[in-house]
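Worksheet: one structure, shown below.
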Amino acid sequence: MAIYQYTALTTTGETTSGKIEASDRSSVLKLLKEQKLIPVQIEDASGEGSGASARAKKTARRGKVKIRDLVMFTHQMNSVLRANIPLTQALGIIGSQAESETLKEVLGEVREAIEGGASLADAMKDHPKVFPPLYTNTVRMGEMGGVLDQVMGQLAVFMESDYELNSEVKSAMYYPVAIIIMAVLSVTFILLAVMPKITPIFVSSGMELPAAT
281 MAIYQYTALT
291 TTGETTSGKI
301 EASDRSSVLK
311 LLKEQKLIPV
321 QIEDASGEGS
331 GASARAKKTA
341 RRGKVKIRDL
351 VMFTHQMNSV
361 LRANIPLTQA
371 LGIIGSQAES
381 ETLKEVLGEV
391 REAIEGGASL
401 ADAMKDHPKV
411 FPPLYTNTVR
421 MGEMGGVLDQ
431 VMGQLAVFME
441 SDYELNSEVK
451 SAMYYPVAII
461 IMAVLSVTFI
471 LLAVMPKITP
481 IFVSSGMELP
491 AAT
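When you read off a place in the sequence shown, starting at 1, and then add 280, the result is the number in the numbering used here.
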């Protein structure tokens with residue numbers, strides 16, 4: 281048996297929280313349902329949280345997931361959910377196609393957590409380096425409203441626009457720096473390579489070198 285910390289909504293829309301002793305997440309969900317509560321968040325709060333600690337250490341050893349990979353995943357989630365493919369099956373399909381090994385492993389763990397009774401948002405919350413808090417909270421709202429497919433679509437569009445904007449900003453910042461570097465290299469080339477060759481010509485002809493030299 282383990283102790284789970286939960287946050288839930290009452291039938292009147294009020295938020296309530298507490299702790300439940302149960303064998304797994306599925307049992308917690310069943311108990312909350314019997315109390316006519318809508319689960320929002322369920323976390324393992326037993327002991328030292330050895331399971332959560334192990335997951336955290338494992339996540340820390342993994343590489344980062346690129347933004348473009350997360351954008352692609354979000355687009356794919358929107359597509360498979362609109363096709364009415366079950367969530368766990370959808371994660372399995374997308375995970376098998378993921379180019380990022382880290383994302384592939386994380387999606388596998390997310391799928392296992394969901395099969396154990398966790399919501400998608402709760403499962404993602406265990407991997408903050410892959411799914412930022414804003415992403416997880418947006419997914420949670422989609423689940424609570426029963427419009428997860430639509431939310432994933434909007435989230436994908438937002439992330440893609442943000443990614444493109446950041447890329448343009450970086451390019452705009454790099455351009456003047458590149459110009460300055462090229463200018464410095466050009467001047468250095470003239471001073472070290474060109475000037476030593478043309479100076480004797482000016483001297484032999486009796487002409488004075490330009491003042492700038």
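Even glycine gets a Cβ: it sits at the ideal position worked out from N, Cα and C.
Residues bridged to residue i [DSSP beta-bridge criterion]
i, result
"K344", "Its beta-bridge partners do not exist; DSSP assigns none."
"I300", "Y284"
"I322", "Y286"
Cut-off 7 Å between Cβ atoms - residues of its own chain near residue i, not counting five sequence neighbours on either side
i, result
"D429", "N358, L361 and R362"
"G372", "R391"
"E379", "D349"
Boundaries (first-last residue) of the alpha helix (DSSP H) holding residue i
i, result
"P413", "P413 to G425"
"Q315", "Element bounds for Q315: n/a, residue is neither H nor E."
"V390", "E381 to E395"
"A403", "L400 to K405"
Inter-residue CB distance, residue i and residue j (contact presumed, cutoff 8 Å)
i, j, result
"V351", "E294", "Between E294 and V351 the Cβ distance is about 36 Å, and since that is not below 8 Å, they are no contact."
"R420", "A393", "14 Å between Cβ atoms; not a contact."
"G396", "D304", "6 Å"
"T354", "L435", "5 Å"
Simplified DSSP state of residue i, which is helix, strand or coil
i, result
"T292", "coil"
"E328", "For E328, the predicted structure reports a pLDDT of 44, less than 50, and the residue's modelled location is therefore unreliable. The matter cannot be settled from this model."
"N364", "coil"
"K310", "helix"
"V431", "helix"
"V500", "Because the chain spans 281 through 493 in this model, residue 500 falls outside it and cannot be assessed."
"A370", "helix"
Close-in-space but distant-in-sequence residues of the same chain around residue i (CB under 8 Å, 5 per side omitted)
i, result
"G425", "V431"
"F438", "none"
Contacts around residue i, its chain only, beta-carbon distance under 6 Å, and the 5 residues preceding and following it disregarded
i, result
"V246", "Because the chain spans 281 through 493 in this model, residue 246 falls outside it and cannot be assessed."
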